[in-house]
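Start counting the sequence shown at -9; every next residue gets the next number (the working numbering).
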Amino acid sequence: FLDATLQSIDKMNQALNVFGADAGKPEIEIVNKTKAAGIHPGDLRYNVINLIDEPLANGLLGYGPSVSNPMTGEIIKGHVNQYAGVARTGVPFYW
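Encoded structure:
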């Protein structure tokens, strides 16, 4: 699933570049492509893709909560919880 995540981020960066480098859209950067970066998903300084390897009984593939400024509504942090274990156990069942 790491390869699919890296390819997706590459496509997002390509889409953001359509607006030009000076459009105020930051490029998405992978901090560590081979192991955990040691960043807590709740740390407001970082946007995180959190790959969770254990499957869940309810079949949830993932979700993406965000944190916003209560005064302005501006989204200041977001992260993705991606359940690889669910995809690994569920895909053979459905396909």
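Glycine included, C-beta positions come from ideal geometry on N, C-alpha and C.
Measure how close the beta-carbons of residue i and residue j come, nearest whole angstrom, since I'm counting them as under 8 Å.
i: Gly68; j: Gly54; result: 6 Å
i: Asp43; j: Ala5; result: Not confirmed; about 28 Å, so no contact.
Quick check on residue i: buried or exposed, where buried means 16 or more other Cβ atoms within 10 Å of its Cβ?
i: Asn37; result: buried
i: Gln72; result: buried
Which residue marks the beginning of the beta strand (DSSP E) containing residue i, and which one marks its end?
i: Leu41; result: 38 to 42
i: Gly68; result: 65 to 73
Hey, would you say residue i sits closer than 8 Å to residue j, going by beta carbons?
i: Pro45; j: Val70; result: no
i: Ile39; j: Thr(-5); result: yes
i: Met2; j: Ile20; result: no
Where do the ends of the alpha helix (DSSP H) carrying residue i lie?
i: Asn7; result: -8 to 7
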